[in-house]
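This report concerns only the one structure given below.
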Amino acid sequence: MDFNHSEDRRMLADTLRRFLAERYSLDTRHRISASERGYSPEIWGELAALGVPAALLGEPLGGFGGSGFDLMVVFEALGRALVVEPFLGLAMVGRLLADGAGRADLASGLLDGTQIAAVALYEPGARYDLTNVTTRAERSATGGWTLSGGKAVVPQLESATRIVVSARVDTGLALFIVPRDADGVSIKGYPLVDGGRGGELVLQAVQLPADTRIACGDDALGTIEAAVAAGIVALGAEAVGILDVIKDSTLDYLRTRVQFGVPIGKFQALQHRMATVAIEIEQARSAVINAAAALDDDRLARERAVSAAKVTLGRVGTLVAEESIQLHGGIGMTWELPLPHFAKRLIMIGHQLGDEDHHLERYVRLGRG
Amino acid sequence: MNVDFTAEDIAFRDEVRAFLRERLPKALSEKVRTGKHLTKEDMVGWHAILESRRWLASHWPEEWGGPGWSVVQRYIFDVEIALAHAPRIVPFGVNMLGPVLLKYGSDEQKKRWLPRILDGSDWWCQGYSEPGAGSDLANLKTQALRDGDHYVVNGQKTWTTLGKYADMIFCLVRTDPSAKKQKGISFLLIDMKTPGIEVRPIVLLDGDAEVSEVFFTDVRVPVENLVGDENLGWTYAKYLLTYERTNIAGVGASMAALDQLKEIARSEQKDGKPLAEDPQFAARLARVEIELENMKTTSLRVLAAAAHGGAPGAESSMLKIRGTEIRQEISSLARRALGPYAQPFISQALDEGFTGEAIGADYAAPIASQYFNQRKLSIFGGSNEIQREIITKTILEL
Ligand SMILES: Cc1cc2nc3c(=O)[nH]c(=O)nc-3n(C[C@H](O)[C@H](O)[C@H](O)COP(=O)(O)OP(=O)(O)OC[C@H]3O[C@@H](n4cnc5c(N)ncnc54)[C@H](O)[C@@H]3O)c2cc1C
């Protein structure tokens, strides 16, 4: 057993952290987040040049990573800098395309950042149910497909050049790659409360060639689950990065803020609260390590581990976000301080790819076999 | 023991309801219900409507313009206006300064300032906190030094809620720099238009600037604006805080928020059924509902026990802690209830006259930002940690 990341991964993490420390200050992040695009094509390009996409994609797609621990080191670093760039889609699409043997063509452009992928699986009114899909794909006269329907709250949808969409076909579910510029694709974009942008996707009789279907039937559901699992590892690692920043800055504040003539960290009432926070953060880190390690296991082991991670993160995320603001007092409520932005992102990670209650229920169900 | 409202209480409640049906403008309650930002005019206008019935200052004595209600009537009133989605009464004049002037102000000060609170001439704000004096309020440094028939004020206040709208600020200032902490503090009323005052907005985590910093440079304040005795301000300050805390507890606000939460839970779907029927969510909702039911009675018990129908003393800390925990939990559940639609946030959608399309359900727009904003409830009015200190020392005598 060895809880250290491999040499290669540590180097990548260092490089990424250095780059972000230099180029992605919180002010820059706010500016990018509030911009019309909601991400920075320039930074995105530079991160691609650093090899970040290659670390998120496996060898069949031309990358050199894509495992749970690859996702983990990258997203932890992204979390520490509160990055809003469209990486989640990339982490998930790696799994979606991985099964489509010989479909490296579809991955072209992802490595160098010229193509951006969004993954659009959830529908309005379906909450976190991946099988509650009303988007339909019909065979068209030309042998291709016609897609109609809509998808909900897709992160960084406007930035995407390719959108992976789940749709219902006669035999069950299927996955399609929809080019952003296809006729009939429309996007309603909006800012997100925790930074960056998201969007609602509407597909109106979108005509697609036959080979845009990348999976169907039971395969499709399995592929979707694998992609969501990768997404959860990514979000979980992002959360761990955020948790560490929150812990450091809150400890720092407890040591330096003086009230009643002493640093507030001297008050036992706060010390014990912070001790609990520290324990919970370690539990969350372990949950993410478990999920990352299980990402390439068989379905049941993997799904239980990612649901367990999401349950843990939901609970710990809420606790740590709320406690850290409280322990800061009034200053913790201000836009100017970095802390509340980390706290907001942490809370909203809890709303992505299934919330705490969804995954607890799922964990129970998976346990029944 | 009897926990029921009397026939008179019920009749009073009906009277309040009838008044609200008639006089609370629909457009205004709709704004409150949908979580839109209220303008200064909205709030001032609502005060004027209440005052037209002499219902604005519900716990002031009749001779100063109060309605002469019992504890139970005041409770009923607070709950009914919240349930009707009326704007909350801006507390600084009515619920904070009012009680202090009534108890410690000179006759002249009462005659001068109280009517102006009621008729809306003065919007008051609270100048207690400073950068170095939050929980440790007595550490405040803003100085007021006597110069003839004026005090000259220098220093800084912060976190001043709605200071941007204020005509007047009541301040805790240090009048005896050599005295230790609590001694040497005075309670001073300052006109915000006096030269030397600068107000700077502070943007909060939800992007809104509801609080400000207030800077004082050689601000000259007439000595007649001193409330009570010089250097005894700490006593008045603490008295005010008991009113503030009782007010923050917000049982009525919680009841209204719980109603809305239930509506959301009935409307949101999970696995083809209303979220309200999801066992996990239903359990979360039930827990907070039970707390609130208990809190209603706790609150009435504490208020009824308070002498002369004033604000309770240290018990106000208990109401503040549990009341804010309940309010925060309800807002947290509303956020959870939205699922993925908690994330979209178009800040302009909370402004009057926004015509853009809603993202997700029409109630979704303000929910997440309200949740973040409500974190303040356990921080201001004395943090919940400080309230626990007060309970430990004053009630439990540990
Ligand atoms: C939105 C908002 C509106 C406000 N409006 C006003 C206003 O209108 N007027 C006004 O005067 N003030 C206002 N305040 C200020 C508010 O009263 C203070 O923020 C509050 O008293 C806490 O002080 P602080 O922010 O300096 O935190 P600190 O006192 O620095 O506290 C930091 C943390 O330490 C804890 N702590 C401190 N001392 C102890 C102790 N002895 N034991 C255990 N824990 C301790 C606190 O509970 C908190 O968790 C407002 C604050 C906010 C956030």
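Those sequence lines, one after another, are chains A and B. Sequential numbering from 1 applies to the first sequence in the working numbering. Sequential numbering from 1 applies to the second sequence in the working numbering. Ideal placement from N, C-alpha and C gives every residue a C-beta, glycine not left out.
Three-state secondary structure (DSSP) at Asp218 of chain B? On the second sequence, position 218 is the one that residue 218 of chain B refers to. In this structure, Asp218 of chain B counts as strand in the three-state DSSP scheme.
Can you find a C-beta in chain B that's less than 8 Å from the C-beta of Asp260 of chain A? For the purposes of this step, residue 260 of chain A is taken as the residue at position 260 of the first sequence. Sequence inspection shows Phe at residue 260 of chain A; the Asp mentioned does not correspond to that position. Under the Cβ distance rule, Phe260 of chain A counts among the residues neighbouring chain B, one pair being separated by less than 8 Å.
Output the distance between the C-alpha atoms of Gln143 of chain B and Gly127 of chain B, rounded to the nearest integer angstrom. Along the second sequence, one-based indexing puts residue 143 of chain B at 143. Along the second sequence, one-based indexing puts residue 127 of chain B at 127. When rounded, the distance between both Cα atoms is 13 Å.
In whole angstroms, what separates the C-alpha of Ala13 of chain A from that of Asp112 of chain A? By 1-based counting over the first sequence, the position of residue 13 of chain A is 13. By 1-based counting over the first sequence, the position of residue 112 of chain A is 112. Roughly 19 Å between the two C-alpha positions.
Taking only beta-carbon positions, decide if Lys164 of chain B is within less than 8 Å of chain A. Numbered from its first residue, the second sequence carries residue 164 of chain B at position 164. No, no contact with chain A.
With DSSP as the reference, label Gly330 of chain A as helix, strand or coil. The sequence position of residue 330 of chain A within the first sequence is 330, counting from 1. It is helical.
Would you check whether ligand 1 has a heavy atom nearer than 7 Å to the C-beta of Ser178 of chain B? Here residue 178 of chain B refers to the residue found at position 178 of the second sequence. Ser178 of chain B Cβ: outside cutoff for every heavy atom of ligand 1.
Under 7 Å: does the beta carbon of Ser135 of chain B sit that close to some heavy atom of ligand 1? Taking the second sequence and counting its residues from 1, one reaches residue 135 of chain B at position 135. Yes; taking the cut-off as 7 Å, the Cβ of Ser135 of chain B has a heavy atom of ligand 1 nearer than that.
When the distance is taken between beta carbons, is Leu88 of chain A closer than 8 Å to Gly199 of chain A? Your numbering for residue 199 of chain A matches position 199 in the first sequence. Your numbering for residue 88 of chain A matches position 88 in the first sequence. No, Cβ-Cβ distance for Gly199 of chain A and Leu88 of chain A is not below 8 Å.
Let me see if you follow: with CB-CB separation under 8 Å, is Ala144 of chain B close to chain A or not? In the second sequence, residue 144 of chain B corresponds to position 144, counting from 1. So, not an interface residue.
Mind checking the segment 372-386 of chain B against chain A and listing, in chain order, the residues whose C-beta falls within less than 9 Å of any C-beta there? Phe372, Asn373, Arg375, Lys376, Ser378, Ile379, Phe380, Ser383, Asn384 and Glu385
Taking one C-beta from the segment 153-172 of chain B and one from the segment 184-195 of chain B each time, how about it: are there three or more such pairs within less than 8 Å? Cβ pair count under 8 Å is three or more, so yes.
By the three-class DSSP mapping on this structure, what secondary structure does Glu352 of chain B have? The residue given as residue 352 of chain B occupies position 352 in the second sequence. Of the three classes helix, strand and coil, the one that applies to Glu352 of chain B here is coil, per DSSP.
Just curious, the beta strand (DSSP E) that Thr160 of chain B is in, first and last residue? The residue labelled residue 160 of chain B in the question sits at position 160 within the second sequence. Looking at the DSSP string, the run of the beta strand (DSSP E) that includes Thr160 of chain B is His150 to Thr161.
Limits of the unbroken beta strand (DSSP E) element including Thr146 of chain A: As a first step, residue 146 of chain A must be located in the first sequence, where it is residue number 146. Taken as a continuous stretch (DSSP letters only), the beta strand (DSSP E) holding Thr146 of chain A covers Trp145 to Pro155.
Measure the alpha-carbon distance for Ser324 of chain A versus Pro340 of chain A and round it to whole angstroms. Here residue 324 of chain A refers to the residue found at position 324 when the first sequence is read from its first residue. Here residue 340 of chain A refers to the residue found at position 340 when the first sequence is read from its first residue. Between Ser324 of chain A and Pro340 of chain A, the alpha-carbon positions lie close to 8 Å from each other.
Give me the subset of the segment 148-160 of chain A whose CB atoms are less than 9 Å from a CB atom of chain B, sorted by chain position. Residues passing the 9 Å Cβ filter: Ala152, Val153 and Pro155.
DSSP beta-bridge partners of Pro263 of chain A: Here residue 263 of chain A corresponds to residue number 263 of the first sequence, with the count starting at 1. Beta-bridge annotation (DSSP): Pro263 of chain A is paired with A:Val258.
The alpha helix (DSSP H) that contains Tyr104 of chain B, what's its start and end? For the purposes of this step, residue 104 of chain B is identified with residue 104 of the second sequence, where counting begins at 1. First-last of the alpha helix (DSSP H) with Tyr104 of chain B: Gly98 to Tyr104.
Check this for me: beta carbons of Met333 of chain A and Ile248 of chain B, under 8 Å apart or not? In the first sequence, the residue the question calls residue 333 of chain A occupies position 333. In the second sequence, the residue the question calls residue 248 of chain B occupies position 248. No, the pair does not count as a contact, with Cβ atoms beyond the cut-off.
Kindly identify the DSSP beta-bridge partner or partners of Lys188 of chain A. Residue mapping note: residue 188 of chain A aligns to position 188 of the first sequence, counting from 1. For Lys188 of chain A, which the question treats as bridged, DSSP gives the partners A:Glu200.
Starting from the beta carbon of Pro274 of chain B, find every residue of chain A whose beta carbon is closer than 8 Å, and list them in chain order. By 1-based counting over the second sequence, the position of residue 274 of chain B is 274. Neighbours of Pro274 of chain B on chain A: none; closest Cβ ~11 Å, over 8 Å.
Same chain, Cβ closer than 6 Å to Gly163 of chain B, five either side skipped, listed in chain order: Here residue 163 of chain B refers to the residue found at position 163 when the second sequence is read from its first residue. Within the same chain, and ignoring the five residues on either side of Gly163 of chain B in sequence, the residues whose Cβ sits closer than 6 Å to its Cβ are Cys125, Val199, Ser212 and Val214.
I'd like to confirm something about Ala249 of chain B: is its beta-carbon nearer than 7 Å to some heavy atom of ligand 1, or not? Counting from one through the second sequence, the residue named residue 249 of chain B turns up at place 249. No, Cβ of Ala249 of chain B sits at least 7 Å from all heavy atoms of ligand 1.
Throw me the rounded Cβ distance for the Val169 of chain A and Ala137 of chain A pair, which I believe falls under 8 Å. On the first sequence, position 169 is the one that residue 169 of chain A refers to. On the first sequence, position 137 is the one that residue 137 of chain A refers to. The Cβ separation is near 5 Å, so the contact holds.
Can you pull the chain A neighbours of Pro177 of chain B, defined as C-beta to C-beta under 7 Å? For the purposes of this step, residue 177 of chain B is taken as the residue at position 177 of the second sequence. Near Pro177 of chain B there are no residues of chain A at all, since even the closest Cβ is about 18 Å away, more than 7 Å.
Find the residues of chain A that neighbour Gly339 of chain B, judging by a C-beta separation of less than 7 Å, and give them in chain order. Position 339 of the second sequence holds residue 339 of chain B. Under the 7 Å cutoff, chain A gives Arg127, Tyr128, His351 and Asp355.
DSSP beta-bridge partners for Lys270 of chain B? To locate residue 270 of chain B, count along the second sequence from 1; it is residue 270. Lys270 of chain B pairs with B:Lys273.
Tell me the rounded alpha-carbon separation between Arg273 of chain A and Ser249 of chain A. Locating residue 273 of chain A in the first sequence gives position 273, where the first residue counts as 1. Locating residue 249 of chain A in the first sequence gives position 249, where the first residue counts as 1. Taking C-alpha positions only, Arg273 of chain A is separated from Ser249 of chain A by approximately 15 Å.
I'd like to confirm something about Thr160 of chain B: is its beta-carbon nearer than 7 Å to some heavy atom of ligand 1, or not? Your numbering for residue 160 of chain B matches position 160 in the second sequence. Yes, the Cβ of Thr160 of chain B comes within 7 Å of a heavy atom of ligand 1.
What are the boundary residues of the beta strand (DSSP E) that includes Asp191 of chain B? The sequence position of residue 191 of chain B within the second sequence is 191, counting from 1. In this chain, the beta strand (DSSP E) harbouring Asp191 of chain B covers Ile185 to Asp191.
Does ligand 1 have a heavy atom nearer than 7 Å to the CB of Ala237 of chain B? The residue labelled residue 237 of chain B in the question sits at position 237 within the second sequence. No; taking the cut-off as 7 Å, the Cβ of Ala237 of chain B has no heavy atom of ligand 1 nearer than that.
Can you pull the chain A neighbours of Gln343 of chain B, defined as C-beta to C-beta under 8 Å? For the purposes of this step, residue 343 of chain B is taken as residue 343 along the second sequence, with counting starting at 1. Simply Val153, Leu192, Val193, Asp194, Gly198, Met348, His351 and Gln352.
8 Å is my cut-off, CB to CB: does Ile395 of chain B come that close to chain A? The residue given as residue 395 of chain B occupies position 395 in the second sequence. Closer than 8 Å: no.
What does the alpha-carbon distance come out to for the pair Glu42 of chain A and Ala118 of chain A? To locate residue 42 of chain A, count along the first sequence from 1; it is residue 42. To locate residue 118 of chain A, count along the first sequence from 1; it is residue 118. Their Cα atoms are separated by approximately 19 Å.
In angstroms with no decimal places, state the Cα-to-Cα distance between Leu303 of chain B and Tyr371 of chain B. Position 303 of the second sequence holds residue 303 of chain B. Position 371 of the second sequence holds residue 371 of chain B. So the two alpha carbons sit approximately 28 Å from each other.
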